[in-house]
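Visitor: My questions all concern the structure below.
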């Protein structure tokens, strides 16, 4: 089963196939993102041959605790929703370039400077 097939299965509620394929693929990509670099949810989906940025987000929310979750960000460079403070500590420790932003988080990641493209 391809990651795209697993994603479609998840949309139909076949959790075992989703976990078995797409989740493992997402977590493998995220584990490869180097310190100080980030990828968007859409970037990860594209690498897997999928258009499912939301499915990547759901995967990270459910299964991403054991990988560098802070290295997967929203399209505008904002940190993962609800985790801005925790993520910022990781970004600062890794030297990830940050920009001041007029949003609830107060910052965003400088995607032009640190977006990961394998």
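In full-length UniProt numbering, the protein residues as written are 1 to 118. Quick reminder that beta carbons are idealized off the backbone N, C-alpha and C, glycines included.
Considering only the beta carbon of each residue, do residue 118 and residue 47 sit closer than 9 Å?
Guide: Their beta carbons are under 9 Å apart, which means residue 118 touches residue 47 by this criterion.
Visitor: Could you compute how far the alpha carbon of residue 88 sits from the alpha carbon of residue 41?
Guide: Computed Cα separation, rounded: 18 Å.
Visitor: Would you kindly work out how many angstroms separate the C-alpha atoms of residue 95 and residue 45, rounded to a whole number?
Guide: Residue 95 and residue 45: Cα-Cα distance of roughly 25 Å.
Visitor: Using DSSP bridges, identify the partner residues of residue 109.
Guide: BP columns for residue 109 point to 98.
Visitor: What do you reckon, are the CB atoms on residue 90 and residue 68 nearer than 9 Å?
Guide: Cβ distance < 9 Å, so residue 90 and residue 68 count as in contact.
Visitor: Helix, strand or coil: which one does DSSP assign to residue 39?
Guide: Strand, per DSSP.
Visitor: Nearest-angstrom Cα distance between residue 108 and residue 23?
Guide: For residue 108 and residue 23, the distance between alpha carbons rounds to 26 Å.
Visitor: With a CB to CB cut of under 7 Å and the five nearest residues on each side skipped, what residues in its chain are close to residue 114?
Guide: For residue 114, where only same-chain residues beyond five positions count, the Cβ hits under 7 Å are 36, 37, 38, 96 and 97.
Visitor: Exposed or buried, what is residue 21 when buried is set at 16 or more other beta-carbons lying within 10 Å of its beta-carbon?
Guide: Answer is buried; the Cβ neighbour count reaches 16.
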